[in-house]
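Respectively, the protein sequence lines represent chains D and R.
First residue of the first sequence: 1, per the UniProt record's numbering; consecutive thereafter.
First residue of the second sequence: 1, per the UniProt record's numbering; consecutive thereafter.
Idealized CB from N, CA, C, for every residue including glycine.
Number of protein chains: 2
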Amino acid sequence: MPTLRIALAQDNPIVGDLDHNADLIRRAASAATVAGAHLLATGEQSLTGYPVEDLALRHSFVEASRDRLVRLAEEIAADGNGSLPVAVGYLDADGPVGSTTGHGIRNALALLQDGKVLFRYYKHHLPNYGVFDEDRWFVAGHELHLARIGGVDVAFTVCEDVWGGVPFTVAEEAGAGLVININASPYEQGKHERRLAVVKERAAGVGAPVAYLNTVGGQDDLVFDGGSMIVAADGSIISSARRFASELLVTDVECPAASRAIANHSSSLMSTSLHVLSEEPAAIETRIEPTFAPELGRHEEVWEALRLGLADYVNKNGFPSVLLGLSGGIDSAVTAVLARDAIGADRVHTVANPSQYSSQHSLDDAADLAERCGLHHVVEPIQPIVDAYLAEIAVSGLALENLQARVRGVIWMSLSNQHGHLVLAAGNKSEYAVGYSTLYGDSCGGFAPIKDVLKTLVYELANWRNEKARSLGETEPIPENIIMKPPSAELRPDQLDSDSLPDYAVLDGILVGYVDGDAGREDLVEQGYPADVVERIAGLVDRAEYKRRQSAPGTKITVKSFGRDRRLPITNHFRGK
Amino acid sequence: MPTLRIALAQDNPIVGDLDHNADLIRRAASAATVAGAHLLATGEQSLTGYPVEDLALRHSFVEASRDRLVRLAEEIAADGNGSLPVAVGYLDADGPVGSTTGHGIRNALALLQDGKVLFRYYKHHLPNYGVFDEDRWFVAGHELHLARIGGVDVAFTVCEDVWGGVPFTVAEEAGAGLVININASPYEQGKHERRLAVVKERAAGVGAPVAYLNTVGGQDDLVFDGGSMIVAADGSIISSARRFASELLVTDVECPAASRAIANHSSSLMSTSLHVLSEEPAAIETRIEPTFAPELGRHEEVWEALRLGLADYVNKNGFPSVLLGLSGGIDSAVTAVLARDAIGADRVHTVANPSQYSSQHSLDDAADLAERCGLHHVVEPIQPIVDAYLAEIAVSGLALENLQARVRGVIWMSLSNQHGHLVLAAGNKSEYAVGYSTLYGDSCGGFAPIKDVLKTLVYELANWRNEKARSLGETEPIPENIIMKPPSAELRPDQLDSDSLPDYAVLDGILVGYVDGDAGREDLVEQGYPADVVERIAGLVDRAEYKRRQSAPGTKITVKSFGRDRRLPITNHFRGK
């Protein structure tokens, strides 16, 4: 069998920043050429970033993407890498675009060589569920392209094509010896395992290796987790790239030789086109050893997703630093440590805002954590400000609890406006789900790192992060006292979360069924949860929709996180016409 | 030609409140029976409300919709109206639904008679643009149903079917003598005229009358504007219902008699089924005179949309009252008058929050408006509270401007929490578009009535509303001074909007092209706008995305209002399993 040296560029593009993304691709082409690769693939929409959302409906952006692709082909050739075939994901349309023409916008892959665009493939399966809205933005393609490279017929596909499967069936009919599948596949817990299973199934179906390339990096509430891999027809993993980090994965892959005549033919499902680049098997002087990425444990995987999502939100939006309120509780503690791991201690500012109901141990615990982590920490009491409000308006009960939270929020936002910090909201998924947060109070901020993390998982992450520090001989970042004490909002005397909510194990169990799943109230009672608790929690979830909608984006780690509130990507660097 | 007496129930259902909506349909059936109607049609998803959003993905909600439909058929018969055929819009699926089954969810129409469901039609064209996400929720149907009623073959279609047109082509091939089209069509400026044009085109194509029924009422940021109508094959309007109000439109309509044999046949586009209810032309003792709704001027139409959207948001969410800050400026003035028109003066509370930069004329103008309109008005100075913050933290410049706005926001939210008012945000589309509002300050609140109204239109509405009062011999609600003075945020000495923004006529012109349209920066310069102004405004719009995303819902009156931030409908009364 011929051997192809395949380079997969697992890169981190920025939505809308065409020049930055083109530079990433040029650098990958140079590195792949140095490595002696016969083919370089880059991620889904590697030139435009993903998801482009409503930018897809701007004719100026579609035109900019197409123009930039042509220039990129020329630049790669000018760099001396023209003979390397390079697969690039980008945004295209099946004709001229403009204010007056209809849509025919395509999620496209182009193969570049010798300064030219050899062909343009349009994604066949368009996902339109969960975070995906591709029926809204794109039109599906129906022509599969194969390139004969070193005597191997390589088929090119995009993301959902591997789940839907039609292009793989057609690739098998066309005698493909390798299928490239470029992705921008967002992270969810357990998804990497599902990907591996489907790639194995497709490789077996085609009877040839499948090269699965994923993007890496955070984009608003999505995080692409990398983990690119090449899987053989027998299901064995030939090589794999790291999760949550950029990497150029170069692998020598034995592929079935091209057997069919040079002629385009039509399947009943999609038409196919064959482009011959080189008939002779490529010469390889020294085989390179395949690399395999370490597998991550469940908690490390989640932590890395949250860390990368936060880091990229801060950096892609150009914030110099972050600020968050440090209450002495578990949520703000985990958020602060995540921030330090993401962008470094010197860019993390914390503030404690004690009221008359704050305990001394909370203040001490907050200061202890800030010191262990080397964060900039200040204390700003809120009681005099609360009293100034109370001199003006009569508030009591829940309204007074909310007032305290909002005074803190105003202080954080004022410091943000004055100094340029991004405010982080430290709320977790359990409390957002039932509405146990104050709108414009603790929920305010530009990013909510753990908004998709259930409270029970917050505790697990805290313990895992401390354990990791111990195993490295480092100081545990989170004081044990913060992990051990019972959770409280400290907005009235002796308040405990357990006064008004069931045990978090019970609450989270109900939320997994009712929010993440499709369980109705009766289903949950059948599962053994008390009917009155189910009724109350489901009612709270239904009523909390408005607050959830107004909360900040935060890294998504489950199938149904809250919010699909995009219209334009926030992290959007398009500066075109 | 036979004559059918058609009743169209232009009603205002509530999303998720199946019992309430079923009662509306029962009452319409009773009224239609009394009126001697031969057929009653109700709106798209009249049983479930529209749009149901993610409720469509809850098996318990789909099951509740199906069960309620069957009970509704029995109830209509028990009410003594069983012989009346009633078309009902609801949510269905093409098989059992449950946690483990795939989707086959349908946007459906059922024809009920004699306590039974005669047939179930599944909407053919599913819109998936703008506010519509129907490819996400539903699967398209491919079978058209006709009912022979009084010797006329009546075809039944749903909403987008009239725009896409395939079911109308099939209805023509099947010899339909009348086509019913039930809608939940949201308002946009100019849309009613486009509807009339397409209904005329379809009626001419089928060669028979088309009965276009629209829903009425506000649902979060959508407002359904009614305006149901029956249009003859020659394009003449046979009858029409009011805009923005419920109505049972009963009309005697001459329809071509059924001519084809009783047999189901297949078109190449959709299959068809014919259900025979009655062959003999219906007897009509006394023809009733058709009714025609008055046409609305442009400003009255927009005002009514905003008024109804606000009224239904307040009432469907169960708020006793609203509260808003009254600055003495034009935006809060128009918002306050809208609120009074929507829910009555006694439910409207206003508060003036002067700072050291507030002018006396602003305070006077606010008090004058409150008095003219009979609103509950109080004055709460903010300077002592601002000073309390400044004693704690050092803020200046823009941060200090934002601080003042946020202190006001906290006061409004505290009063809301204490007394149960819904806070209204008074921002307009021009300022939200460029980010000229304070996050968690003036932008806070549960509903933003004029968030989709450009500043120039805010002025036009103010003048129109005063003119309307004059024409009725009433006091002008808005003091002339509020309309005449130059706009200012009054957050620093002698501040004017024109210090930092171009004239609103120029700003709004750019926004119409750049936000509502697909104009790029170059297109706008070609249209004659100065390049530096275009560059600055487009940059502000791109950067303001985050704030827009966190702002309250507000009635949509243009093609592209901000925000498509729904996951579950906020106004959601589903209390099922």
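Item: Can you pull the DSSP bridge partners for Thr121 (chain R)?; Value: Strictly speaking, residue 121 (chain R) in this sequence is Tyr, with Thr absent from that position. For Tyr121 (chain R), which the question treats as bridged, DSSP gives the partners R:Leu109.
Item: If you measure from the beta carbon of residue 585 (chain D) to each beta carbon in chain R, is any gap under 9 angstroms?; Value: Limits of chain D in this structure are 1 at one end and 577 at the other, which puts residue 585 (chain D) out of reach.
Item: Are His377 (chain D) and Thr350 (chain D) close, meaning C-beta to C-beta below 9 angstroms?; Value: yes
Item: So, do the region 273-290 of chain R and the region 299-313 of chain R have three or more beta carbon pairs nearer to each other than 8 angstroms?; Value: no
Item: Check whether the Cβ atoms of Ala64 (chain R) and Leu39 (chain R) sit closer than 9 angstroms, and answer yes or no.; Value: no
Item: Helix or strand or just coil, what does DSSP make of Asn463 (chain D)?; Value: helix
Item: From this set, D:Thr215, D:Leu461, D:Leu415, which residue's C-alpha is nearest Ile14 (chain D)'s C-alpha?; Value: D:Thr215
Item: What residues from chain R crowd round Asp365 (chain D), counting only those whose CB sits closer than 8 angstroms?; Value: Per Cβ cutoff of 8 angstroms: no residues; Asp365 (chain D) is ~22 angstroms from chain R at best.
Item: Taking the alpha helix (DSSP H) that Phe138 (chain D) falls in, what are its first and last residues?; Value: Careful: Phe138 (chain D) lies outside any alpha helix (DSSP H) and carries neither H nor E.
Item: Figure out for me which residue from D:Phe292, D:Arg406, D:Asp67 has the closest Cα to the Cα of Ile238 (chain D).; Value: D:Phe292
Item: Where DSSP assigns a beta bridge to Arg66 (chain D), which residues make up the other side?; Value: In DSSP, Arg66 (chain D) forms no bridge with anything.
Item: At a Cβ threshold of 9 angstroms, is Arg566 (chain D) touching chain R?; Value: The predicted model places Arg566 (chain D) with a pLDDT of 46, which falls under 50 and marks its position as unreliable; any figure quoted below should be read in that light. Closer than 9 angstroms to some Cβ of chain R, the Cβ of Arg566 (chain D) qualifies, so yes.
Item: For Gln189 (chain R), name the three-state secondary structure that DSSP assigns.; Value: coil
Item: Which whole runs of the alpha helix (DSSP H) in the region 178-263 of chain R are 4 residues long or more, in chain order?; Value: 191-206
Item: Does DSSP classify Ile284 (chain R) as helix, strand or coil?; Value: coil
Item: Could you check if Ser437 (chain D) is buried or exposed, using at least 16 other CB atoms within 10 Å of its CB as the buried criterion?; Value: buried
Item: In terms of residue numbering, what span does the alpha helix (DSSP H) encompassing Ile6 (chain R) cover?; Value: From DSSP, Ile6 (chain R) is part of no alpha helix (DSSP H) but of the beta strand (DSSP E) over 3-10.
Item: Is there at least one Cβ from chain D nearer than 9 angstroms to Lys577 (chain R)'s Cβ?; Value: With a pLDDT of only 48 at Lys577 (chain R), under the threshold of 50, the placement of this residue in the model should not be trusted; the figure read from the coordinates follows. So yes, Lys577 (chain R) belongs to the interface.
Item: Please name the residue, chosen from R:Glu371, R:Ile385, R:Ile393, that lies closest to Pro381 (chain D) on a Cα-to-Cα basis.; Value: R:Ile393
Item: Does Pro51 (chain D) come within less than 9 angstroms of chain R when only Cβ atoms are used?; Value: no
Item: For chain D, is any of its Cβ atoms less than 9 angstroms away from the one on Ile510 (chain R)?; Value: no
Item: In this structure, how does DSSP classify Asp17 (chain D) when only helix, strand and coil are distinguished?; Value: coil
Item: So, does the region 154-168 of chain D touch the region 199-207 of chain D, judging by three or more C-beta pairs under 8 angstroms?; Value: yes
Item: Where does the unbroken beta strand (DSSP E) through Tyr90 (chain R) begin, and where does it stop?; Value: 86-93
Item: Taking 9 angstroms as the CB-CB cut-off, is Val407 (chain R) touching chain D?; Value: yes
Item: The alpha helix (DSSP H) that contains Leu310 (chain D), what's its start and end?; Value: 298-316
Item: Apart from the five residues on each side of it in sequence, which residues of its chain come closer than 6 angstroms, Cβ to Cβ, to Gly374 (chain R)?; Value: Ala345
Item: Enumerate in chain order the residues of its own chain whose CB-to-CB distance from Asp19 (chain R) is below 6 angstroms, with the five nearest sequence positions on each side excluded.; Value: none
Item: Tell me, which residues are paired with His377 (chain D) by DSSP?; Value: D:Thr350
Item: Select from R:Met484, R:Ala388, R:Gly441, R:Val88 the residue whose C-alpha is nearest the C-alpha of Val458 (chain R).; Value: R:Met484
Item: Flag this pair as yes or no: are the beta carbons of Leu111 (chain D) and Ala87 (chain D) separated by less than 9 angstroms?; Value: yes
Item: Taking only the alpha-carbon atoms, compute the straight-line gap between Phe447 (chain D) and Val434 (chain D) and give it to the nearest angstrom.; Value: 19 angstroms
Item: Does the count of Cβ pairs from the region 173-186 of chain D and the region 310-321 of chain D closer than 8 angstroms reach three?; Value: no
Item: In the DSSP assignment, what residue or residues form a beta bridge with Ile149 (chain R)?; Value: R:Val152
Item: In or out: Ser136 (chain R) buried (at least 16 other Cβ within 10 Å) or exposed?; Value: Just to set this straight, residue 136 (chain R) is Arg in the shown sequence, not Ser. Arg136 (chain R) is buried by the Cβ-count criterion.
Item: Just checking my contact of Tyr514 (chain R) with Ala531 (chain R) at CB under 8 angstroms: how many whole Å lie between their CB atoms?; Value: Contact doesn't hold; Cβ gap of about 13 angstroms is too wide.
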